[in-house]
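Below is one structure; the comments refer to it alone.
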Amino acid sequence: MNIKFLDYREAIRILTNRDEFIKSMSPFDRAARVKTEGIISEAEFLNYISKQVLNWGSFECSNIDSILEDILVKFENYELRFPKQVSLIKTTGKEEGNAAYCRKNAIVLPQTFINTPYQLKNLITHELFHIYSKNNPEKRKELYESIGFFTCPELRFPEELSEFKITNPDAPLNNHFFKDNKDGLIPILFSKEPYNFKKGGEFFAYLQFRLIRVEIKEESCEPIYYNEKLQLYKAEDIPSYVRKIGMNTDYIIHPEEILAENFVLLINNSRYIRSPEILEKIENIMCT
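Just so we're aligned, residue 81 is where the sequence shown starts under our numbering, counting upward by one.
See below:
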């Protein structure tokens with residue numbers, strides 16, 4: 081795996097591409113990232129993203145090269161197939177709430193994390209899992225199923241929540257369901273209110289995570305209503321969900337993130353964990 085630090089122009093080409101993330105964004109997604117109460121068009125948002133890109137400094141590249149060297153040594157214990165090149169992009173972080181994320185085969189790092197070596201090591205390991213998952217669909221299917229998630233058609237997001245949907249660039253689609261009795265449950269993210277400029281803050285401050293009960297057919301996935309109300313649950317309301325995904329992380333908003341966090345624990349050979357069987361499942365799948 082070759083690591084390339086992208087310059088300003090190369091980074092903009094990737095970040096302004098209309099991929100699944102950009103096409104899946106809601107009006108709230110764009111407004112909250114730009115921090116405005118107004119309506120932000122897709123074109124305006126892409127222009128905003130382009131202004132957040134920064135060039136790499138030589139010291140930063142050297143520091144990250146050293147971190148990556150340590151990570152890749154640990155990867156040698158597993159049969160991990162990555163694309164030939166993984167790119168690194170540096171931004172102000174303003175375009176994604178100062179969070180790291182992936183676009184295509186590029187990891188986007190906000191400048192606030194770049195000079196924190198220990199945190200950066202786990203962050204890059206986490207994001208590398210997303211790139212692995214994206215490039216190994218059969219393995220991803222096995223990994224998702226190991227924690228109870230199965231493929232389904234894309235969820236028809238409830239109309240009453242669609243303008244306030246929050247989209248995760250590392251998992252922009254809602255096309256995996258958790259098996260619970262007869263029906264399925266899909267994790268969704270949304271805000272209960274429009275972005276409030278006076279209140280301020282990142283979109284994370286508005287984020288609501290719920291499991292929505294759905295009816296799955298061959299070509300559709302529809303939200304289920306009972307007495308004209310959506311069936312929404314917190315994770316703790318569904319004991320089978322908590323049991324199946326394990327208790328190694330609180331970052332349980334999507335199977336992709338659950339697995340990425342457990343992957344970090346596995347690579348770091350973490351010992352004091354509450355659900356070691358989850359790491360065993362991941363290791364068995366990745367080593368075959």
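For every residue, glycine included, the Cβ atom is placed at its ideal position computed from N, Cα and C.
Requested in this report: Taking 8 Å as the threshold, find out whether the segment 146-154 comes into contact with the segment 185-192 through three or more Cβ pairs.
Outcome: They do not touch, by the three-pair rule.
Query - asparagine 202 (DSSP reduced to helix, strand or coil) - result: Asparagine 202 falls in the helix class under three-state DSSP.
Query raised in the report: Under the three-state reduction of DSSP, which class applies to tyrosine 313: helix, strand or coil?
Result: DSSP places tyrosine 313 in strand when its eight states are reduced to three.
**Report entry** Residue range of the unbroken alpha helix (DSSP H) whose run includes aspartate 109
**Finding:** 107-114
Query - Complete alpha helix (DSSP H) runs within the segment 294-346 (minimum length 4 residues, chain order) - result: Here the runs fully enclosed are 319-325.
Report task. Verify the CB distance criterion: does leucine 287 have a CB-CB separation below 9 Å to chain D? Result -> The structure shown contains no chain D, having only a single protein chain.
Query raised in the report: Run through DSSP, which three-state label would cysteine 367 get?
Result: coil
**Report entry** beta strand (DSSP E) segments (min. 3 residues) lying fully within the segment 163-227
**Finding:** 165-171, 181-183, 186-190
Requested in this report: Answer yes or no: do histidine 256 and proline 335 have a C-beta to C-beta separation smaller than 9 Å?
Outcome: yes
**Report entry** Stretch pair the segment 200-214 + the segment 109-120: three plus CB contacts closer than 8 Å
**Finding:** no
Query raised in the report: Among residues of its own chain, excluding the 5 on either side of proline 267, which ones have a beta-carbon nearer than 7 Å to its beta-carbon?
Result: Phe289, Leu291, Ile333, His334
Query raised in the report: By how many angstroms is the C-alpha of asparagine 157 removed from the C-alpha of proline 252?
Result: 30 Å
Query raised in the report: serine 226 to lysine 324, Cα distance in whole Å?
Result: 8 Å
Query - Distance cut-off 8 Å: lysine 361 Cβ against heavy atoms of the ligand MG - result: Questions concerning the ligand MG fall outside what the structure shown contains, since it holds no ligand whatsoever.
Report task. State the DSSP-derived secondary structure class of arginine 161, mapped to helix, strand or coil. Result -> coil
Query - Beta-ladder partner(s) of valine 133, from DSSP - result: Thr171
Query raised in the report: What's the C-alpha gap between glutamate 243 and alanine 91?
Result: 29 Å
Report task. Leaving out five residues on either side along the sequence, give the residues of the same chain with a beta carbon under 8 Å from the beta carbon of serine 300. Result -> Pro233, Arg236
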